[in-house]
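Chemist: For reference, the structure I am asking about is given below.
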Amino acid sequence: MIAEGTVQGISLLLRLDPEVWGPVWVSLSVSLTSTGLATVLALPAGLALGLGRFRGRRLVLGLANTLMALPTVLVGLLVYAFLTRRGPLGELNLLYTRGAMVVGQVILAFPIIVGLCAAAVERADPRIGHTVLGLGGGRLRAARVVALEMRTALVAAVAAGFGRVFAEVGISMMVGGNIRGTTRNITTGIAFETGKGEFARGVALGVVLLVVALAVNLTASMLQSRRGEK
92 MIAEGTVQGI SLLLRLDPEV WGPVWVSLSV SLTSTGLATV LALPAGLALG
142 LGRFRGRRLV LGLANTLMAL PTVLVGLLVY AFLTRRGPLG ELNLLYTRGA
192 MVVGQVILAF PIIVGLCAAA VERADPRIGH TVLGLGGGRL RAARVVALEM
242 RTALVAAVAA GFGRVFAEVG ISMMVGGNIR GTTRNITTGI AFETGKGEFA
292 RGVALGVVLL VVALAVNLTA SMLQSRRGEK
């Protein structure tokens with residue numbers, strides 16, 4: 092069964108089966124959007140935590156590191172509570188849309204990028220920032236220079252955030268609803284297709300998920316290795 096299903100699954104991929112590539116497109120579009128939004132919010136926060144020295148900084152860092160392991164179903168429950176018709180944001184009618192999935196995935200990716208970004212800039216040579224400040228560049232300029240110096244580590248942090256949201260299932264199932272052609276992505280598609288006996292299609296989706304996950308992890312590892320060589 093496994094061998095036959097694998098062969099059939101690869102055949103579906105090569106034949107560009109819409110029931111396979113449709114969920115792939117949803118996963119890519121939603122995950123890239125959510126990672127982009129999370130990056131815009133998380134990079135400044137991570138730089139501030141990594142370079143700043145203020146009361147409660149360690150507490151915030153500890154919270155960010157703790158939230159890196161936040162269960163996806165818990166995030167899904169939280170977003171669902173806000174977006175349901177009786178919730179505070181129910182009038183937006185976002186529940187069971189890609190927008191709701193993006194919101195949940197932003198929440199999931201944000202602490203990951205913040206924590207890894209802060210850890211990266213903490214390892215930067217302090218003389219870089221001191222030199223910029225000594226030349227009258229200001230704190231914002233110093234943070235920008237440090238970010239450029241640590242750019243490979245920051246890209247690796249973003250890649251880790253993308254990998255986390257791309258492979259999640261709890262948020263997509265709870266606030267996306269697994270609607271065919273709209274919110275069904277790779278992970279919810281695997282659960283659905285396997286549940287109804289379409290093992291080959293589930294394998295096809297699983298192959299794509301595995302390839303993307305390996306690509307993201309290899310990219311992050313290569314960036315970290317390159318940084319270590321420097």
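Numbering (my numbering), first residue to last: 92 to 321.
Each residue gets a CB set at the ideal place from its N, CA and C atoms; glycine is no exception.
Bear in mind that the values here come from a model prediction, so they are computed numbers and not experimental data.
Terminal residues of the continuous alpha helix (DSSP H) containing asparagine 269?
Modeler: Where asparagine 269 is concerned, there is no enclosing alpha helix (DSSP H), given that its DSSP letter is neither H nor E.
Chemist: From glycine 267 to leucine 142, what does the alpha carbon distance come to, in whole angstroms?
Modeler: 37 Å
Chemist: Report yes if the CB atom of alanine 200 is closer than 8 Å to the CB atom of glycine 252, and no otherwise.
Modeler: Closer than 8 Å, so yes.
Chemist: Below 8 Å on the Cβ atoms is my guess for glycine 195 versus glycine 178; work out the distance and round it to an integer in Å.
Modeler: Not quite, the Cβ-Cβ distance comes to about 14 Å (not below 8 Å), so this is no contact.
Chemist: When you compare the segment 152–166 with the segment 305–314, are there three or more beta-carbon pairs, one atom per stretch, that lie closer than 8 Å?
Modeler: no
Chemist: For threonine 157, which three-state DSSP category applies?
Modeler: helix
Chemist: Compare the Cα-Cα distances from leucine 186 to each of Ser263, Val236, Leu128 and Arg214 and report the closest residue.
Modeler: Ser263
Chemist: Verify whether the separation of the beta carbon atoms of valine 260 and threonine 279 is less than 8 Å.
Modeler: Yes. Within cutoff.
Chemist: What span of residues does the alpha helix (DSSP H) with alanine 200 cover, start to end?
Modeler: 189–213
Chemist: Over the uninterrupted alpha helix (DSSP H) stretch that includes alanine 247, give me the two end residues.
Modeler: 242–257
Chemist: Return the residue from the list Ala244, Ile203 and Thr188 that minimises the CA-CA distance to alanine 38.
Modeler: Summary: the structure shown does not reach residue 38, with the chain confined to residues 92 through 321, and so no result is reported for it.
Chemist: Anyone know if the C-beta pair for alanine 248 and leucine 207 falls short of 8 Å?
Modeler: yes
Chemist: With distances taken Cα to Cα, identify the nearest neighbour of arginine 275 among Trp112, Leu105, Val170 and Arg106.
Modeler: Trp112
Chemist: DSSP state of threonine 310, grouped into three classes?
Modeler: helix
Chemist: How big is the Cα-Cα spacing for valine 237 and alanine 129?
Modeler: Their Cα atoms are separated by approximately 20 Å.
Chemist: Among Leu138, Arg255 and Phe145, whose alpha-carbon lies nearest the alpha-carbon of glycine 160?
Modeler: Reading off the sequence shown, one finds alanine at residue 160, where the question assumed glycine. The candidate whose alpha carbon is nearest that of alanine 160 is Arg255.
Chemist: Could you check the C-alpha separation between glycine 127 and glutamate 110 for me, to the nearest Å?
Modeler: 26 Å
Chemist: Using C-beta distances below 7 Å, list every residue in its chain close to valine 121, excluding the 5 sequence neighbours before and after it, in chain order.
Modeler: Arg189, Met192, Val193, Gln196 and Asn276
Chemist: Starting from leucine 169, follow the alpha helix (DSSP H) in both directions and report where the run begins and ends.
Modeler: 163–174
Chemist: Just the C-alpha distance for phenylalanine 145 and alanine 139, rounded to the nearest angstrom, thanks.
Modeler: 10 Å
Chemist: Check whether the Cβ atoms of threonine 157 and valine 294 lie closer than 8 Å to each other.
Modeler: no
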